[in-house]
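Numbering (this note's numbering), first residue to last: 311 to 449.
Ideal Cβ positions, reconstructed from N, Cα and C, are used throughout, including at glycine.
The structure under discussion appears below in the form of structure tokens.
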Amino acid sequence: MEDHGLGAAMTMARIVFEQSSRRSGQTEGLLQRARAGDVIVVIAPRERMRLERKLKEMGKADIKVVVMTPDRNPMERGGTNREGATLFDHTWIEAWWTRKIQAIRDELNGIEDAMSTKPQPPASENDMAWRFFEYEHRR
């Protein structure tokens, strides 16, 4: 277990950023930037419907909104937007970062396990990772 707390601190920094950026106009800015032929990627069908409604109100109904879960690399899904840009909604990007940070933490734990002959000692309450882990899972 990475007991220095870097992975946990990165997770907490992402949570703090996410919470502090709510209602800051990120989605509105994305919709303003979008042009005809662009594709906006969102994380859930409900969000797609909401953005499609807003785009229609803005007279930008020629912008496609698609749902894509961030469980794997979007490049692996195939397809290219030949008509414009592909834009990711901030909630999709936040979920992507969360997944990547956790994958790095899991990979490091796997490396430690594979290179060790004895199991790791349990984390102490003094370890930064333990403190962040407890906070992260009490929410």
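1) Look at the alpha carbon of residue 346 and the alpha carbon of residue 429, and state the distance between them as a whole number of angstroms.
2) Under a three-way DSSP split, which group does residue 379 fall into?
3) Where do the ends of the beta strand (DSSP E) carrying residue 350 lie?
4) Residue 426 to residue 408, Cα distance in whole Å?
5) Tell me whether residue 335 counts as near the ligand ATP, meaning its Cβ is closer than 7 Å to at least one heavy atom of that ligand.
6) Using the C-alpha atoms, what's the distance from residue 375 back to residue 363?
7) Alpha carbon to alpha carbon, how far is residue 340 from residue 371? Give it in angstroms, no decimals.
8) Work out the CA separation of residue 320 and residue 365 for me, nearest whole Å.
9) Closer than 7 Å by C-beta to residue 405: which residues in its own chain qualify, once you throw out the five before and the five after it? Chain order, please.
10) Go through its chain and collect everything with a Cβ distance to residue 397's Cβ below 8 Å, but skip five positions before and after it.
11) Can you tell me whether DSSP reads residue 366 as helix, strand or coil?
12) Using the Cβ count rule (16 or more neighbours within 10 Å means buried), how would you classify residue 358?
13) Within its chain, find whatever has a CB closer than 6 Å to the CB of residue 411; leave out the 5 residues flanking it on each side and keep chain order.
Result, derived from the coordinates:
1) 56 Å
2) coil
3) 349-352
4) 27 Å
5) No copy of the ligand ATP occurs in the structure displayed, which carries no ligand at all.
6) 10 Å
7) 14 Å
8) 34 Å
9) 353, 380
10) 340, 343, 344, 348, 349, 350, 351
11) helix
12) buried
13) 320, 321
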